[in-house]
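Number of protein chains: 2
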Amino acid sequence: MPRISAVDRRAALVRAAVRVVAREGVAAATTRVIVAEAGMSLASFHYAFTSRDELMVELINAVVDGEESAFAPALQPAEGGVTMRDVVRAGLQSFFDAVRADPDREKAMFELTQWALREPGFEPLARRQYDRYFAVAESALTAAAALTGSEWRRPTAEIARMLVTLTDGLTIAWLVTRDDAAAATTMDFAADASGMLGYISLSDA
Amino acid sequence: MPRISAVDRRAALVRAAVRVVAREGVAAATTRVIVAEAGMSLASFHYAFTSRDELMVELINAVVDGEESAFAPALQPAEGGVTMRDVVRAGLQSFFDAVRADPDREKAMFELTQWALREPGFEPLARRQYDRYFAVAESALTAAAALTGSEWRRPTAEIARMLVTLTDGLTIAWLVTRDDAAAATTMDFAADASGMLGYISLSDA
DNA sequence: GTCTATAAAGTGATAGAC
DNA sequence: GTCTATCACTTTATAGAC
Chain S
63 MPRISAVDRR
73 AALVRAAVRV
83 VAREGVAAAT
93 TRVIVAEAGM
103 SLASFHYAFT
113 SRDELMVELI
123 NAVVDGEESA
133 FAPALQPAEG
143 GVTMRDVVRA
153 GLQSFFDAVR
163 ADPDREKAMF
173 ELTQWALREP
183 GFEPLARRQY
193 DRYFAVAESA
203 LTAAAALTGS
213 EWRRPTAEIA
223 RMLVTLTDGL
233 TIAWLVTRDD
243 AAAATTMDFA
253 ADASGMLGYI
263 SLSDA
Chain P
63 MPRISAVDRR
73 AALVRAAVRV
83 VAREGVAAAT
93 TRVIVAEAGM
103 SLASFHYAFT
113 SRDELMVELI
123 NAVVDGEESA
133 FAPALQPAEG
143 GVTMRDVVRA
153 GLQSFFDAVR
163 ADPDREKAMF
173 ELTQWALREP
183 GFEPLARRQY
193 DRYFAVAESA
203 LTAAAALTGS
213 EWRRPTAEIA
223 RMLVTLTDGL
233 TIAWLVTRDD
243 AAAATTMDFA
253 ADASGMLGYI
263 SLSDA
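Sequence order for the protein chains is S and P. Note that this note's numbering has the first sequence beginning at 63, numbered continuously upward. Note that this note's numbering has the second sequence beginning at 63, numbered continuously upward.
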């Protein structure tokens with residue numbers, strides 16, 4: 063094999079590990095499976111990382127940093143006026159479409175959270191993961207307000223947390239039941255509720 | 063060791079496994095750890111069960127069947143009239159109090175769901191688990207309607223699913239952040255939303 | 001029935017040749 | 001740097017003495 067710098071090797075191993083975790087789960091992501099995915103020898107793993115836990119830290123940080131807004135497609139400027147209720151509904155649909163498009167990824171994200179919650183000393187990684195979720199949700203809420211000319215009546219951080227609560231619950235229930243119709247009903251309900259409780263239009267202010 | 067019937071041994075092993083899974087997680091619940099918890103030899107395990115997977119099936123069925131309504135304390139008849147909004151809020155609080163009282167149990171329930179979702183052929187167990195959650199939620203909603211003299215405007219099965227979505231999301235976020243105040247805000251929001259959208263009082267009907 | 005002992009396969013990590 | 005070979009340990013499961 064060609065000589066690869068330690069940093070490149072680390073990056074390649076993390077990318078391989080991400081694929082393995084999504085495809086086969088955290089428990090199956092052993093060092094041997096990961097190096098096979100990366101096309102390396104087992105010894106190369108421990109040349110790049112001192113331990114499997116060290117890779118796991120880098121892995122979680124990588125997927126968390128790479129987390130992008132699944133709500134974005136619904137937040138494009140549209141012709142004519144658009145209601146907050148409809149933007150929230152469309153944003154939830156965008157999120158849900160992303161879940162349906164790659165269920166293994168979502169399963170993996172939950173598994174990583176729970177792995178971090180169990181592994182002594184790794185709880186901060188789970189916190190970081192959720193801080194990122196909250197931040198992504200909050201910026202989507204801010205964009206939605208700008209798009210509709212409204213203002214959130216409660217602190218956006220508070221509503222963001224509610225939104226993450228909702229998307230987590232929605233995702234788990236769907237991963238278990240695969241019931242698209244039930245998911246749609248949940249999203250309708252949530253959009254109606256957010257419309258009634260969460261914001262005021264600027265013209266009302 | 064005294065002679066124990068196979069069925070008794072199975073039951074004892076399942077009870078031991080439940081404790082181990084709650085305390086140390088699914089991944090740490092090896093046959094050795096489980097038999098140690100039950101005070102048996104390793105060979106006794108395979109006398110009672112043909113495989114670890116067979117125990118896992120029985121384990122999940124046991125915790126799912128034993129699932130009781132965490133909403134119940136809030137559904138006791140009270141003096142004077144009580145609004146649906148307040149019953150929902152109190153029910154969520156009862157649920158949340160149970161989570162706070164035994165976080166390891168909740169962590170274990172999520173882990174078991176995800177284990178079943180990953181293990182080939184075990185998805186039906188995860189379905190069963192959520193069917194039970196939905197049923198528990200639905201009966202709580204029916205009891206709440208009776209208590210307040212109201213009627214749900216949508217099918218209770220639909221609202222039950224929303225309720226489970228909410229409690230799942232609430233639980234995960236709290237397990238990660240341990241933020242009681244944020245959880246309270248989420249519950250307030252959810253109670254307000256359910257009050258505005260989900261039911262009609264019988265006097266309106 | 002219940003045990004000890006062990007098989008067979010997997011794990012993370014390392015030594016040492018090249 | 002990169003490899004093969006291996007260590008020390010753990011896993012599920014079983015054989016066979018009692």
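Cβ atoms here follow ideal geometry from the backbone N, Cα and C, with glycine treated the same way. Nothing here was measured: the structure is a model prediction, and the numbers come from that model.
Residue range of the alpha helix (DSSP H) that includes residue i
i, result
"residue 221/S", "218-239"
"residue 256/S", "242-259"
Where residue i sits in the DSSP three-state scheme
i, result
"residue 200/P", "helix"
"residue 99/P", "helix"
"residue 113/P", "coil"
"residue 66/P", "coil"
"residue 120/S", "helix"
"residue 213/S", "strand"
Alpha carbon of residue i to alpha carbon of residue j, nearest angstrom
i, j, result
"residue 186/P", "residue 109/S", "42 Å"
"residue 236/S", "residue 172/S", "13 Å"
"residue 230/S", "residue 135/S", "19 Å"
"residue 101/S", "residue 69/S", "16 Å"
"residue 118/S", "residue 74/S", "13 Å"
"residue 220/P", "residue 94/S", "45 Å"
"residue 116/P", "residue 214/P", "41 Å"
"residue 78/P", "residue 127/S", "40 Å"
"residue 249/P", "residue 160/P", "14 Å"
"residue 200/P", "residue 103/S", "54 Å"
"residue 87/P", "residue 218/P", "34 Å"
"residue 148/S", "residue 194/S", "25 Å"
"residue 137/P", "residue 196/P", "17 Å"
"residue 262/P", "residue 263/S", "27 Å"
"residue 113/S", "residue 113/P", "31 Å"
"residue 254/P", "residue 242/P", "18 Å"
"residue 123/S", "residue 105/P", "42 Å"
"residue 252/S", "residue 206/S", "15 Å"
"residue 84/S", "residue 265/P", "52 Å"
"residue 67/S", "residue 191/P", "48 Å"
"residue 139/P", "residue 260/P", "21 Å"
"residue 184/P", "residue 177/S", "20 Å"
"residue 181/P", "residue 181/S", "21 Å"
"residue 89/S", "residue 89/P", "8 Å"
"residue 163/P", "residue 175/S", "21 Å"
"residue 216/S", "residue 204/S", "12 Å"
"residue 165/S", "residue 239/S", "12 Å"
"residue 153/P", "residue 208/P", "14 Å"
Sub-7 Å separation of residue i and residue j beta-carbons
i, j, result
"residue 144/S", "residue 256/S", "no"
"residue 111/S", "residue 97/S", "no"
"residue 244/S", "residue 223/P", "yes"
"residue 247/S", "residue 146/S", "no"
"residue 120/S", "residue 80/S", "no"
"residue 227/P", "residue 168/P", "no"
"residue 198/S", "residue 131/S", "yes"
"residue 179/S", "residue 170/S", "no"
"residue 202/P", "residue 158/P", "no"
"residue 82/S", "residue 99/S", "yes"
Kindly provide the ranges of any beta strand (DSSP E) runs that are 3 or more residues long and lie completely inside the segment 124-172 of chain S, ordered along the chain. none
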